[in-house]
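Beneath this line is the structure, given in structure tokens, with notes to follow.
Protein chains: 2
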Amino acid sequence: MWNPVNAMNKALMLVLTFYALNACAQEQSAAQTSLDLVQKQVFTTRDFQTFNGQQIAEVKVGWEAYGELNAAKDNVNLITHFFSGNSHAAGKYTDADALPGYWDAIIGPGKTIDTNRFYVISSDTLVNQEPHNPMVTTTGPASINPATGKPYALDFPVVTIRDFVNVQKALLDSLGVQKLHAVVGASMGSLQALDWATAYPDYVERVISVIGMGAADPWTIAGLQQWANPIIADPNWNNGNYYDGEAPSTGLRQALGMVTLQAMHPLIFNQAYAASGPREAAPLQDIRANFVVVEQLNAAAQARTTYADANHVLYLVRANQLFMAGFADNLSNGLSAVTAKVLFLPATNDLLLQPYMAKAAHNTLLSLGKESYYEEIEGPWGHLDGVYSVGQKSEVIAGFLD
Amino acid sequence: MWNPVNAMNKALMLVLTFYALNACAQEQSAAQTSLDLVQKQVFTTRDFQTFNGQQIAEVKVGWEAYGELNAAKDNVNLITHFFSGNSHAAGKYTDADALPGYWDAIIGPGKTIDTNRFYVISSDTLVNQEPHNPMVTTTGPASINPATGKPYALDFPVVTIRDFVNVQKALLDSLGVQKLHAVVGASMGSLQALDWATAYPDYVERVISVIGMGAADPWTIAGLQQWANPIIADPNWNNGNYYDGEAPSTGLRQALGMVTLQAMHPLIFNQAYAASGPREAAPLQDIRANFVVVEQLNAAAQARTTYADANHVLYLVRANQLFMAGFADNLSNGLSAVTAKVLFLPATNDLLLQPYMAKAAHNTLLSLGKESYYEEIEGPWGHLDGVYSVGQKSEVIAGFLD
Numbered sequence: 000m001w002n003p004v005n006a007m008n009k010a011l012m013l014v015l016t017f018y019a020l021n022a023c024a025q026e027q028s029a030a031q032t033s034l035d036l037v038q039k040q041v042f043t044t045r046d047f048q049t050f051n052g053q054q055i056a057e058v059k060v061g062w063e064a065y066g067e068l069n070a071a072k073d074n075v076n077l078i079t080h081f082f083s084g085n086s087h088a089a090g091k092y093t094d095a096d097a098l099p100g101y102w103d104a105i106i107g108p109g110k111t112i113d114t115n116r117f118y119v120i121s122s123d124t125l126v127n128q129e130p131h132n133p134m135v136t137t138t139g140p141a142s143i144n145p146a147t148g149k150p151y152a153l154d155f156p157v158v159t160i161r162d163f164v165n166v167q168k169a170l171l172d173s174l175g176v177q178k179l180h181a182v183v184g185a186s187m188g189s190l191q192a193l194d195w196a197t198a199y200p201d202y203v204e205r206v207i208s209v210i211g212m213g214a215a216d217p218w219t220i221a222g223l224q225q226w227a228n229p230i231i232a233d234p235n236w237n238n239g240n241y242y243d244g245e246a247p248s249t250g251l252r253q254a255l256g257m258v259t260l261q262a263m264h265p266l267i268f269n270q271a272y273a274a275s276g277p278r279e280a281a282p283l284q285d286i287r288a289n290f291v292v293v294e295q296l297n298a299a300a301q302a303r304t305t306y307a308d309a310n311h312v313l314y315l316v317r318a319n320q321l322f323m324a325g326f327a328d329n330l331s332n333g334l335s336a337v338t339a340k341v342l343f344l345p346a347t348n349d350l351l352l353q354p355y356m357a358k359a360a361h362n363t364l365l366s367l368g369k370e371s372y373y374e375e376i377e378g379p380w381g382h383l384d385g386v387y388s389v390g391q392k393s394e395v396i397a398g399f400l401d
Numbered sequence: 000m001w002n003p004v005n006a007m008n009k010a011l012m013l014v015l016t017f018y019a020l021n022a023c024a025q026e027q028s029a030a031q032t033s034l035d036l037v038q039k040q041v042f043t044t045r046d047f048q049t050f051n052g053q054q055i056a057e058v059k060v061g062w063e064a065y066g067e068l069n070a071a072k073d074n075v076n077l078i079t080h081f082f083s084g085n086s087h088a089a090g091k092y093t094d095a096d097a098l099p100g101y102w103d104a105i106i107g108p109g110k111t112i113d114t115n116r117f118y119v120i121s122s123d124t125l126v127n128q129e130p131h132n133p134m135v136t137t138t139g140p141a142s143i144n145p146a147t148g149k150p151y152a153l154d155f156p157v158v159t160i161r162d163f164v165n166v167q168k169a170l171l172d173s174l175g176v177q178k179l180h181a182v183v184g185a186s187m188g189s190l191q192a193l194d195w196a197t198a199y200p201d202y203v204e205r206v207i208s209v210i211g212m213g214a215a216d217p218w219t220i221a222g223l224q225q226w227a228n229p230i231i232a233d234p235n236w237n238n239g240n241y242y243d244g245e246a247p248s249t250g251l252r253q254a255l256g257m258v259t260l261q262a263m264h265p266l267i268f269n270q271a272y273a274a275s276g277p278r279e280a281a282p283l284q285d286i287r288a289n290f291v292v293v294e295q296l297n298a299a300a301q302a303r304t305t306y307a308d309a310n311h312v313l314y315l316v317r318a319n320q321l322f323m324a325g326f327a328d329n330l331s332n333g334l335s336a337v338t339a340k341v342l343f344l345p346a347t348n349d350l351l352l353q354p355y356m357a358k359a360a361h362n363t364l365l366s367l368g369k370e371s372y373y374e375e376i377e378g379p380w381g382h383l384d385g386v387y388s389v390g391q392k393s394e395v396i397a398g399f400l401d
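Protein chains in written order, with numbering that gives the first Met the number 0: chain A, 0 to 401; chain B, 0 to 401.
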């Protein structure tokens with residue numbers, strides 16, 4: 000049966016794919032070849048001490064890498080992932096994969112972050128949004144608590160961006176890496192990248208913060224809370240104890256619908272959802288009927304719930320709300336230890352983490368006498384320009400990495 | 000007992016009041032005197048035909064007026080209210096009132112909209128957000144359906160901005176008014192103002208659209224839906240049938256919390272909620288603990304639920320989603336009948352109805368050869384600059400009304 004919502008979503012996917020491929024195409028050069036097929040690996044560490052003073056008996060995270068680690072182990076670029084993302088930053092797992100990792104446009108042989116030169120490594124964070132994704136390994140409230148044999152639920156400690164960094168540090172330690180050429184991340188990944196330079200200043204030579212911030216402000220804390228609210232309000236959430244029963248899927252869908260919407264900008268959104276509008280007949284006649292755009296957004300959000308866990312979303316929200324690079328009493332003190340040079344690449348049309356946030360962190364570094372650079376990514380995507388339009392800054396990034 | 004949240008909200012109220020009074024102060028001139036105390040009146044009309052072809056047996060709305068209707072009845076300015084507002088646009092009901100109506104800065108004797116010259120009238124809309132406010136009279140899903148003796152709930156017909164206009168038209172007809180010097184409204188009020196000029200072009204001489212739009216786009220439809228979602232997801236909502244039981248107060252609070260947040264801009268929000276930040280101790284230790292800003296926003300939203308009805312919010316959301324001035328197949332055709340001259344005053348920092356929307360309507364009018372003007376209100380408030388900073392455009396408004 001022909002389903003208008005499916006048909007529209009297919010049309011939308013075409014638009015999105017067009018833009019993504021277009022962004023990729025800008026990056027193509029004659030010198031490029033493809034990455035070899037990528038393999039996901041798993042790193043385990045035990046008795047992990049959290050920033051808030053608690054302990055996690057066993058932490059497992061997935062990771063993948065592109066290129067070769069050199070003998071001196073000093074050619075490493077670490078890629079840190081965004082809120083809804085995972086360690087799949089580039090390449091494909093199989094030739095049949097529809098799309099490569101999210102930053103394939105700039106990571107690969109002969110590309111901006113050149114895997115002929117660099118060993119590029121990326122890991123899943125703690126409390127990753129998608130613990131049920133077969134290609135993700137993470138530890139969080141959906142993981143089994145060895146003390147009880149049941150999922151932690153809300154007994155899992157609150158974790159911070161610093162904890163994400165410390166898990167990555169343990170992974171790199173296990174590989175014998177003692178220096179990072181650069182840490183590069185978008186959105187929540189940018190938080191990890193900047194915090195790396197405060198936590199391990201001797202370790203980090205360069206930071207690239209794409210669509211990022213130096214610290215959450217009240218606006219951002221309140222805005223992120225909107226993503227938590229529908230989960231907490233869902234009766235199936237049951238104070239986090241739903242692993243034996245029905246999951247809070249309505250709350251999770253509403254949360255991920257907001258993430259989907261707010262990561263975009265009207266410029267692209269109105270183009271992608273142009274089939275919908277205020278003169279639709281059904282919503283005029285029936286208060287229960289939805290606009291096509293609402294059905295489409297619901298379907299997109301529903302699809303995003305497949306591998307997601309509601310408690311993990313709550314913990315991710317919290318980790319972002321708690322963020323101040325350096326975790327000192329203010330941002331200036333937090334950044335005072337930084338020795339890395341830093342490049343900020345916010346997106347002009349970003350409505351989620353507006354450029355003023357990256358600007359504030361940049362200006363704080365400059366006021367401390369640090370080396371910091373700032374350029375804005377232009378584009379119609381809003382926050383997602385940090386993913387889809389990053390190729391626009393290839394030369395700046397390549398120059399910064401040189 | 001000292002309550003930090005109450006204390007903070009008091010501090011916030013002080014900041015907000017300071018800005019509001021400051022905006023008022025900009026408007027003071029030696030020639031001004033105060034409005035006489037204002038009286039709320041009630042208008043009733045029967046067998047009201049809705050735009051979608053249904054009928055409402057009895058419609059009652061509150062209204063108030065400032066100044067005197069002249070003998071020719073041609074000195075009338077109609078003020079149309081915003082989503083969370085009502086007909087209280089200026090003056091006080093009693094000397095003890097803490098604050099006057101929302102646009103008191105520009106409405107009154109000797110002020111921009113000079114009640115020594117104009118008869119200024121304002122009415123509550125259908126499905127007003129606050130049917131339980133003793134100073135509001137409205138008809139909507141919380142009203143008693145005379146056919147059943149029970150609240151309409153979702154049996155109330157979907158109503159549109161055109162229906163709001165038609166109720167106002169019936170009210171003005173009852174007063175013998177046959178010409179409007181101007182229709183002036185902010186946000187949802189601007190939708191009514193512009194639609195007036197398409198529905199009754201011979202009737203309307205001037206339109207002032209403050210923080211407005213010409214038509215809802217997919218972005219706005221999807222954004223408004225976020226306000227409906229927590230209500231629909233609240234189990235107490237019960238498909239709209241909660242008048243005999245417990246109201247969906249959690250959903251309503253979450254909805255009005257979003258309205259509160261999204262009507263502002265980080266510039267003012269971070270100043271008003273500066274007591275909160277990412278380094279708070281409780282949220283770091285306990286996933287169930289809230290940031291101070293979240294508690295404050297919840298308390299503010301809770302206060303806004305006092306007189307509100309959840310179904311009314313759903314119907315208001317729908318009325319805004321369905322809006323296209325003129326209700327034709329496209330905006331250009333909808334605006335083609337306009338003979339009024341139009342002034343658009345969007346706010347530069349508005350994140351809710353961004354200036355591109357007013358600009359599009361303005362450009363459409365120009366392309367049709369109509370008389371249209373466009374200026375932006377600057378300020379830190381975002382969408383609320385249309386309320387708190389409108390005094391900035393006093394001269395432009397006064398000139399336009401002359």
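Even glycine gets a Cβ: it sits at the ideal position worked out from N, Cα and C.
Predicted, not measured: the structure shown is a model, and the values here were computed from it.
Selection A/G222, A/G90, A/F163 evaluated against B/L350 yields A/G222 as nearest (Cα-Cα). Annotated as distal: A/A346 and A/E370, with beta-carbon spacing of 8 angstroms or more. Using a CB distance cut-off of 8 angstroms, A/N269 counts as an interface residue toward chain B. Residue-level contact check: B/Y65 does not touch chain A, since none of the beta carbons of chain A fall below 8 angstroms from its beta carbon.
For B/E394, the enclosing alpha helix (DSSP H) stretches over residues 393-400. Here B/Y202 carries a coil assignment [DSSP, helix/strand/coil].
Among the CB atoms of chain A, one or more fall inside 8 angstroms of the CB of B/F290. The DSSP assignment places 330-334 as complete runs of the alpha helix (DSSP H) inside the stretch 327-361 of chain B, in order along the chain (cut-off: 4 residues). The three-state secondary structure of A/P234, taken from DSSP, is helix. Taking 8 angstroms as the threshold, the shortest C-beta distance from B/V166 to chain A does not fall below it.
Within the stretch 154-230 of chain A, the runs of beta strand (DSSP E) that reach at least 3 residues and sit entirely inside it are, in chain order, 181-185, 205-209.
Taking the Cα positions, A/I207 is about 17 angstroms away from A/E377. Chain-ordered, the chain B residues with CB closer than 8 angstroms to the CB of A/F322 read P277.
Rounded to the nearest whole angstrom, the CA to CA distance from B/A273 to B/L296 is 13 angstroms.
Using a CB distance cut-off of 8 angstroms, A/W226 does not count as an interface residue toward chain B.
When the alpha-carbon of B/R287 is set against those of A/D308, A/Y314, A/A300, A/I267, the nearest one is in A/Y314. In this structure, A/R303 lies away from A/T249, with their beta-carbon atoms at least 8 angstroms apart. Check the Cα spacing between B/V164 and each of B/E129, B/A298, B/S121, B/D384: the tightest is with B/S121. Assignment of beta strand (DSSP E) within the stretch 78-134 of chain B, counting only whole runs of 3 or more residues, yields 118-122 in chain order.
With respect to chain B, the C-beta atom of A/D162 has no partner C-beta closer than 8 angstroms. When C-beta distances to chain A are compared with 8 angstroms, the residues of the stretch 337-369 of chain B below that value are L350, Q353, Y355, in chain order. DSSP places A/F268 in the uninterrupted alpha helix (DSSP H) bounded by 265-271. Excluding the 5 residues flanking it on each side, A/M257 has same chain C-beta neighbours closer than 7 angstroms at Q225, W226, in chain order.
Taking C-beta atoms as the reference points, A/W62 and A/I78 fail to come closer than 8 angstroms. Cβ atoms of A/A141 and A/H311 come within 8 angstroms of each other, at about 6 angstroms. DSSP, read as helix, strand or coil, puts B/N319 in helix.
The distance from the Cβ of A/G100 to that of A/Q31 is about 15 angstroms, inconsistent with a contact at the 8 angstroms cut-off. Around A/N348, the same chain offers H264, L266, E377, G378, P379, W380, G381, D384 as residues with beta carbons nearer than 8 angstroms, after the five sequence neighbours per side are excluded. Contact annotation: the stretch 181-189 of chain A touches the stretch 76-92 of chain A, with at least three C-beta pairs closer than 8 angstroms. Nearest Cα to A/A152 within the set A/V37, A/P130, A/A324, A/V166: A/P130. Sequence-distant partners of B/Q167 (beyond 5 residues in either direction) whose C-beta falls short of 6 angstroms from its own C-beta, in its chain, are S122.
Secondary structure of A/Y306 (DSSP, three-state): coil. Annotation: Cβ neighbours of A/M257 in chain B (cutoff 8 angstroms, chain order): Q225. In terms of Cβ geometry, B/F343 and B/I160 do not form a close pair [threshold 8 angstroms]. C-alpha of B/W236 to C-alpha of B/P156: approximately 18 angstroms in a straight line. Beta-bridge analysis with DSSP links A/Y65 to A/V119.
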